[in-house]
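K.L.:
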Amino acid sequence: MATTLHTPGIDGLREAVDALRDWQHDGAPMQLHPGDLGWYWRTGAAATAAAVRTWLRNGRILAVGLLDGPGLLRLTTAPDARQDEELARRLAADVTAPERGVLPEGRANVEAPVDALLHDLLREAGWHTDEPWTPLRIDLTRPVKDPGVRIEVVTRPAQAEAYAAVHRAAFDGSAFTDERWHAMATGSPFTDARSLLAYDDEGTAVAAVTVWSAGPGRPGLLEPMGVHRDHRRHGYGMAISTAAAAALRQLGATTALVCTPTSNTAAVATYESAGFHQLPNIHDRYRTA
4 MATTLHTPGI DGLREAVDAL RDWQHDGAPM QLHPGDLGWY WRTGAAATAA
54 AVRTWLRNGR ILAVGLLDGP GLLRLTTAPD ARQDEELARR LAADVTAPER
104 GVLPEGRANV EAPVDALLHD LLREAGWHTD EPWTPLRIDL TRPVKDPGVR
154 IEVVTRPAQA EAYAAVHRAA FDGSAFTDER WHAMATGSPF TDARSLLAYD
204 DEGTAVAAVT VWSAGPGRPG LLEPMGVHRD HRRHGYGMAI STAAAAALRQ
254 LGATTALVCT PTSNTAAVAT YESAGFHQLP NIHDRYRTA
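So the mapping is simple: my numbering equals the position in the sequence shown, first residue as 1, plus 3.
Written as structure tokens, this is what we have:
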């Protein structure tokens, strides 16, 4: 039976999240994680459902994609389907044809695991290699060092407000609010997640992160991590990243992953200072028209 494209709707989101959980394993290439859907859930369940695409064959989900912004599809497949030719050709056809409702006309990017056959097909179709991203990973089979600052898990409304304020001050153009945090916290991926705040000696929230577990024995994800612009260069990025790794270890994750543009050398250095190690750079595929 041929592979078919679906927009799963709200009722199908849990199946997509569960598939992503099952596909995470140590040693796998950087790929779409259930935490990526969890972070998108800040826009609400309906918006998240509208942004998700699944590809099924014989009732089994073989690929999950997230339309993570205009013209960007973040995509992964079941590990045993990376080199499935029929699936790869269906994916390539769906992302190339705007009428399929996956990507619009004009500039578009596709993120996929480096070992996916889809890369070869997109290259043959004229898609180019975009700017590099650097994945980083830390082994959580050993204890993580103490972050050295006060860390709190966000559970109360006042903490959600503080988390949102730090996020807005960490990322230019951010419109994140405590309402969006509460929306994110209603999503099924947040069952295995924690939002953390780091405080300075005066009790001011200075850094924030959300960590996403895919379940015990699987890699977890940091998404996002940010330091308040008024409190940078004081080691708070290292502290909150260390706390994030410790939280994922408590959730049973075997490794913690994060990915940042290679050009963001400050972020790469921050993660390395927290004990993360660089993995080989990865690239999106893009077309200009």
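Ideal Cβ positions, reconstructed from N, Cα and C, are used throughout, including at glycine.
1) Put ARG153 into one of helix, strand or coil per three-state DSSP.
2) Given a cut-off of 8 Å, decide if HIS131 and THR57 are closer than it, judged by their beta-carbon atoms.
3) DSSP state of SER177, grouped into three classes?
4) For ALA45, which residues in the same chain have their Cβ closer than 6 Å to its Cβ, ignoring the five residues on either side in sequence?
5) Grouping DSSP H, G and I as helix and E and B as strand, with all else coil, what is SER198?
6) Measuring straight from C-alpha to C-alpha, what distance separates ARG17 and GLY223?
7) Specify the secondary structure class of ASP204 as computed by DSSP and reduced to three states.
8) List the whole-angstrom C-beta distance separating THR291 from ARG110, where the pair is believed to meet the contact cut-off of C-beta under 8 Å.
9) Using only the alpha-carbon positions, how far apart do LEU167 and MET4 sit?
10) What residues match up with VAL209 in a beta bridge as DSSP calls it?
11) Output the boundary residues of the beta strand (DSSP E) element that contains ASP97.
12) If we ignore side chains and look at the alpha-carbon of each, how far apart do THR80 and ASP87 end up?
13) When the Cβ atoms of the region 250 to 263 are set against those of the region 138 to 149, are three or more pairs found closer than 8 Å?
14) Taking contact to mean at least 3 C-beta pairs separated by less than 8 Å, is the region 269 to 281 in contact with the region 226 to 243?
15) Just grab the DSSP bridge partners of MET228 for me.
16) Please state the DSSP three-state secondary structure of LEU78.
17) Taking DSSP's pairing of strands, which residues face GLY223 in a bridge?
18) Bridge partners of LEU3, per DSSP?
19) Going by alpha carbons, who is nearest to VAL261 out of ALA165, THR180, MET228 and ARG288?
P.N.:
On the basis of the coordinates in this document:
1) The answer is strand: DSSP assigns ARG153 an E or B state.
2) Result no, Cβ atoms of THR57 and HIS131 do not sit closer than 8 Å.
3) Of the three classes helix, strand and coil, the one that applies to SER177 here is coil, per DSSP.
4) Contrary to the premise, residue 45 reads as Arg rather than Ala in this sequence. Excluding positions up to five away in sequence, the list reads ARG183, ALA186 and MET187.
5) SER198 carries a strand assignment under DSSP once its states are collapsed to helix, strand and coil.
6) Roughly 18 Å between the two C-alpha positions.
7) If DSSP states are grouped into helix, strand and coil, ASP204 belongs with coil.
8) Right, the Cβ-Cβ distance comes to about 6 Å (below 8 Å), so this counts as a contact.
9) Note that residue 167 corresponds to Ala in the displayed sequence, not to Leu. The C-alpha of MET4 is placed about 47 Å away from the C-alpha of ALA167.
10) The bridge partners DSSP lists for VAL209 come to none.
11) Counted as a single uninterrupted DSSP element, the stretch harbouring ASP97 is not any beta strand (DSSP E) but the alpha helix (DSSP H) occupying residues 88 to 99.
12) Looking at the backbone, the Cα of THR80 and that of ASP87 are separated by about 10 Å.
13) Yes, the region 250 to 263 touches the region 138 to 149.
14) Enough Cβ pairs lie closer than 8 Å, so yes.
15) DSSP output for MET228 lists VAL212 as bridge partner(s).
16) Reduced to three states, the DSSP call for LEU78 is strand.
17) Here GLY223 is bridged, per DSSP, to ALA259.
18) Residue coverage of the chain in this structure runs from 4 to 292, which leaves residue 3 outside it and unanswerable.
19) The residue with the shortest Cα to Cα distance from VAL261 is MET228.
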